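**Student:** One structure, as structure tokens, below. Some questions next.
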Amino acid sequence: MSGERLRILILGGYGTFGGRLVRLLADEPRLTLLIAGRSLDKATAFIGAVDAKATLVPAVMDRSGDSGPLLSTLNLDLLIDASGPFQDAGPDPYRLVKTCIALGICYLDLADATTFVAGISSLDDAAKANGVFALSGCSSFPALSFAALAALKPGFAKIETVTSGIAPSPKVRMGLNVIKAVSSYAGKPVALRRDGKPTTGYGLMDGVHWTIAPPGGIPLKSRRFALADAPDLVLLPRVLPGLKSAFIGAGTEPQILQRLLGLCGWLVRLKLLPALAPFASLFHRVSQRLGFGEHRGGMFVTVTGTAIDGGRLARSWHLIAEGDDGPFIPAMAAEAIVYGWLSSRKPQPGARPATGELTLAEFAPLFSRFSIRSGIRDDSPSGETAPLYRRMLAGAWNGLPPAIAAMHDSAATRTVEGRATVERGTGLAARIIAAIIGFPAANPDIPVSVRFECADGRETWIRTFGKTSFRSVQSAGTGRDTYLLAEDFGPFRVLIALVPDKGRLRLVIRGWRFLGLPLPLFLAPGGETFEEERDGTFRFHVEISSRLTGLIVRYTGWLRPQAG
């Protein structure tokens with residue numbers, strides 16, 4: 139391990155993202171972290187709440203002021219600006235960066251403002267002359283998004299479209315500076331590429347629908363991602379010749395909050411208001427009260443284009459963070475750069491956006507400390523010929539136990555046989571539903587067979603318990619159900635996430651419909667359903683129940699391929 143020590147000032151160090159960066163770095167004893175902001179009391183109180191091996195020191199600093207005299211006395215190696223917002227940095231937006239370069243202090247920031255991040259290269263000569271680096275955009279966009287793009291690129295002769303988005307958890311309280319940044323571009327023109335030409339969209343008004351679904355994880359609810367002013371929109375055409383279109387969006391939940399901002403954006407677009415920024419405090423208060431929905435967030439990057447063999451190619455990278463873990467992600471690029479420096483991988487001198495400074499492999503160990511799942515999917519038309527479950531699980535398929543993989547790794551019609559135990563609910567409603575679908579009667583030991591009839595990417599499962607049979611049709615969900623397994627039982631459709639978990643393949647219900655009409659998820663049929671391998675044999679456990687009926691049916695047992 140390198141013996142190097144670093145002295146770092148984190149501006150905004152007790153704020154939304156700066157505070158999380160401090161917590162990410164706090165266990166490193168080779169660091170001295172100056173926690174800076176406008177309030178010494180807030181910096182001191184924050185430090186008192188952090189259990190740290192690093193040395194933490196409170197400091198007072200205002201990004202808009204003359205920071206030269208203070209910085210010249212602090213003997214810093216690096217200044218990290220996590221204060222924001224960067225969308226309106228004043229008449230001299232790089233004042234702080236220039237000061238750092240002049241004093242020989244390395245600089246990086248968590249900026250996500252297009253003009254600020256893209257323009258920092260204007261200081262490249264000065265940074266190189268003084269032997270320091272100045273990196274802008276060490277955040278989800280563009281540092282992490284470009285790392286994902288690099289992982290998606292192999293096999294492409296030409297990338298034609300790039301679409302990315304971020305979906306914060308509704309339970310995470312967004313800071314006022316985040317709301318200020320969003321309000322600054324709502325309803326205003328945002329430069330885009332569309333159909334191979336530069337064009338203009340409007341912040342929070344243009345949008346696309348997408349489902350974030352890491353292989354083997356439970357997808358986020360499909361949602362609309364509204365156009366965001368992100369550095370990637372300017373930076374992508376610089377690195378991808380022939381790029382036809384690029385779109386970056388934010389998918390806020392509850393969607394009503396996003397639609398409210400988009401509706402207010404019309405006032406700006408119609409020039410009835412100059413900007414929504416003056417109302418940022420109001421929007422911030424509203425957002426604090428609209429925190430309902432699943433406590434999960436995510437991010438995606440998807441690319442399409444031409445493969446080396448001339449065919450069409452489409453890939454996507456997905457990430458989901460559970461609970462309060464998501465807001466740590468924007469700080470992880472800065473964390474990775476700091477730890478890289480401590481391991482003798484200091485960034486090269488120069489001023490530039492942080493596009494290519496890090497790889498997904500460098501993010502992986504940072505993700506592993508949190509409830510964060512990520513992975514890549516092949517969305518190409520050529521992948522549609524693979525067996526259904528292999529397509530749905532994508533990269534998570536390789537982690538299945540052999541007996542489970544063998545049960546699903548075929549697109550041919552086949553039959554498997556075994557034995558089962560069947561339990562039935564005793565309530566009137568449960569008995570009616572079981573009779574409609576054709577579930578078998580209760581039996582402690584009954585022969586069972588399953589016939590898989592595969593055609594056109596769909597699988598018809600005919601389950602026979604003794605002399606009683608019932609069937610369902612499984613297929614890949616489409617539209618807003620993309621990446622979910624759709625299973626049809628007569629007029630009912632159940633939408634299922636396939637989740638490998640500790641040697642089992644869990645089937646988690648994420649929605650259901652009757653004659654195509656969505657039904658409340660809390661009333662959906664539930665119960666623990668999974669497949670597993672035990673002593674080399676495929677075993678199943680299926681439980682169907684609901685809040686209204688209680689247990690409907692539970693059947694467990696084992697299956698093997700039909701002899702001969």
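In terms of the working numbering, the sequence shown has 389 at position 251, counting the first letter as 1, and numbering is strictly consecutive. We put the CB at the ideal spot given by N, CA and C, even for glycine. All figures in this text were calculated on a predicted structure; none of them were measured in a lab.
Quick one: residues in its chain with C-beta nearer than 6 angstroms to the C-beta of G156, no 5 flanking neighbours on either side, listed in chain order?
**Tutor:** Excluding positions up to five away in sequence, the list reads I148, G150 and A220.
**Student:** Output the boundary residues of the alpha helix (DSSP H) element that contains R529.
**Tutor:** From DSSP, the alpha helix (DSSP H) with R529 extends over L526 to L531.
**Student:** Comparing C-alpha positions only, which one of R362, L371, P487 and G203 sits nearest to A267?
**Tutor:** For the residues R362, L371, P487 and G203, the minimum Cα distance to A267 belongs to P487.
**Student:** Please give me, in chain order, every unbroken run of the beta strand (DSSP E) with length at least 3 that falls completely inside the region 310-391.
**Tutor:** Counting whole runs of 3 or more residues, the region 310-391 contains the beta strand (DSSP E) stretches 327-332, 335-340, 345-348, 361-365 and 383-388.
**Student:** DSSP state of R685, grouped into three classes?
**Tutor:** DSSP places R685 in coil when its eight states are reduced to three.
**Student:** Can you tell which of F254, I600 and W455 has the C-alpha that lies nearest to the C-alpha of P357?
**Tutor:** Looking at the Cα atoms, W455 is the closest of the given residues.
**Student:** Specify, as a first and last residue, the run of the alpha helix (DSSP H) that S470 falls within.
**Tutor:** Per the sequence shown, residue 470 should be read as Met rather than Ser. Its alpha helix (DSSP H) spans residues I467 to L480.
**Student:** State the Cα-Cα distance for the pair I350 and G436, rounded to the nearest angstrom.
**Tutor:** If I take the Cα positions, the gap works out to 7 angstroms.
**Student:** Mapping the DSSP letters down to three states, classify H433 as helix, strand or coil.
**Tutor:** Correct three-state label for H433: coil.
**Student:** As a quick exercise: from T182, F630 and L246, pick the residue whose alpha carbon is nearest that of I173.
**Tutor:** It is T182 whose Cα lies nearest to the Cα of I173.
**Student:** If you drop the 5 nearest sequence neighbours on each side, which residues of the same chain put their C-beta closer than 8 angstroms to that of P280?
**Tutor:** V255, A368, P369, D370, L373, P491, A492 and T493, listed in sequence order.
**Student:** Could you have a look at I570 and say whether DSSP puts it in helix, strand or coil?
**Tutor:** DSSP places I570 in helix when its eight states are reduced to three.
**Student:** Going by the CB atoms, is the gap between G389 and A251 shorter than 7 angstroms?
**Tutor:** No, these two residues do not count as a Cβ contact at 7 angstroms.
**Student:** Measure the alpha-carbon distance for P525 versus S509 and round it to whole angstroms.
**Tutor:** Going from the Cα of P525 to the Cα of S509 covers about 29 angstroms.
**Student:** Between the beta-carbon of P353 and the beta-carbon of G513, is there less than 7 angstroms?
**Tutor:** Yes, the Cβ-Cβ distance between P353 and G513 is below 7 angstroms.
**Student:** In three-state DSSP terms, what is G222?
**Tutor:** Here G222 sits in coil by DSSP.
**Student:** When DSSP labels each residue in this structure, what does Q486 get in the three-state scheme?
**Tutor:** DSSP places Q486 in coil when its eight states are reduced to three.
**Student:** To the nearest angstrom, how far is the alpha carbon of L144 from that of P167?
**Tutor:** Their backbone Cα atoms lie some 10 angstroms apart in a straight line.
**Student:** When you compare only the Cα positions, how much space is there between S683 and R453?
**Tutor:** Whole-angstrom Cα-Cα distance: 37 angstroms.
**Student:** Buried or exposed: N536, going by 16 or more other Cβ atoms within 10 Å of its Cβ?
**Tutor:** Per the 10 Å Cβ criterion, exposed.
**Student:** Any beta carbon from chain D within less than 7 angstroms of L504's own beta carbon?
**Tutor:** The structure shown has no chain D; it contains just one protein chain.
**Student:** Assign F660 to one of three DSSP states: helix, strand, or coil.
**Tutor:** Here F660 sits in helix by DSSP.
**Student:** At what residues does the alpha helix (DSSP H) containing I185 begin and finish?
**Tutor:** L178 to G186 is the extent of the alpha helix (DSSP H) around I185.
**Student:** What residue range does the beta strand (DSSP E) around P207 cover?
**Tutor:** Not the beta strand (DSSP E): P207 falls in the alpha helix (DSSP H), residues G206 to L209.
**Student:** Can you tell me where the beta strand (DSSP E) holding K296 begins and where it ends?
**Tutor:** From DSSP, the beta strand (DSSP E) with K296 extends over F294 to A305.
**Student:** Does the separation of the CB atoms of L496 and A285 fall below 7 angstroms?
**Tutor:** Contact flag set, yes.
**Student:** Tell me, please, whether the region 359-366 touches the region 412-421 by the rule of three or more beta-carbon pairs shorter than 8 angstroms.
**Tutor:** Touching, no, given that fewer than three Cβ pairs across the two stretches are closer than 8 angstroms.
**Student:** From F430 to I467, what distance separates their C-alpha atoms?
**Tutor:** About 21 angstroms.
**Student:** To the nearest angstrom, how far is the alpha carbon of W696 from that of I584?
**Tutor:** Answer to the nearest angstrom: the Cα atoms are 11 angstroms apart.
**Student:** Rounding to the nearest angstrom, what Cα-Cα distance links E669 and P638 in this structure?
**Tutor:** One C-alpha to the other measures close to 9 angstroms.
**Student:** Take F294 as the anchor and find which of E671, S259 and T440 has the nearest alpha-carbon.
**Tutor:** The option with the nearest alpha carbon to F294 is T440.
**Student:** Pick out whichever of R161, G203, D200 and G206 has its Cα sitting closest to the Cα of G186.
**Tutor:** Considering only alpha carbons, the answer is R161.
**Student:** For A265, name the three-state secondary structure that DSSP assigns.
**Tutor:** Helix, per DSSP.
**Student:** Quick check: the Cα distance between V680 and P663, rounded to an integer number of angstroms?
**Tutor:** Looking at the two C-alpha atoms, the distance is approximately 11 angstroms.
**Student:** Which residue marks the beginning of the alpha helix (DSSP H) containing R407, and which one marks its end?
**Tutor:** Here the alpha helix (DSSP H) through R407 covers Q393 to R407.
**Student:** Over the uninterrupted alpha helix (DSSP H) stretch that includes V160, give me the two end residues.
**Tutor:** Segment T154 to L163, the alpha helix (DSSP H) holding V160.
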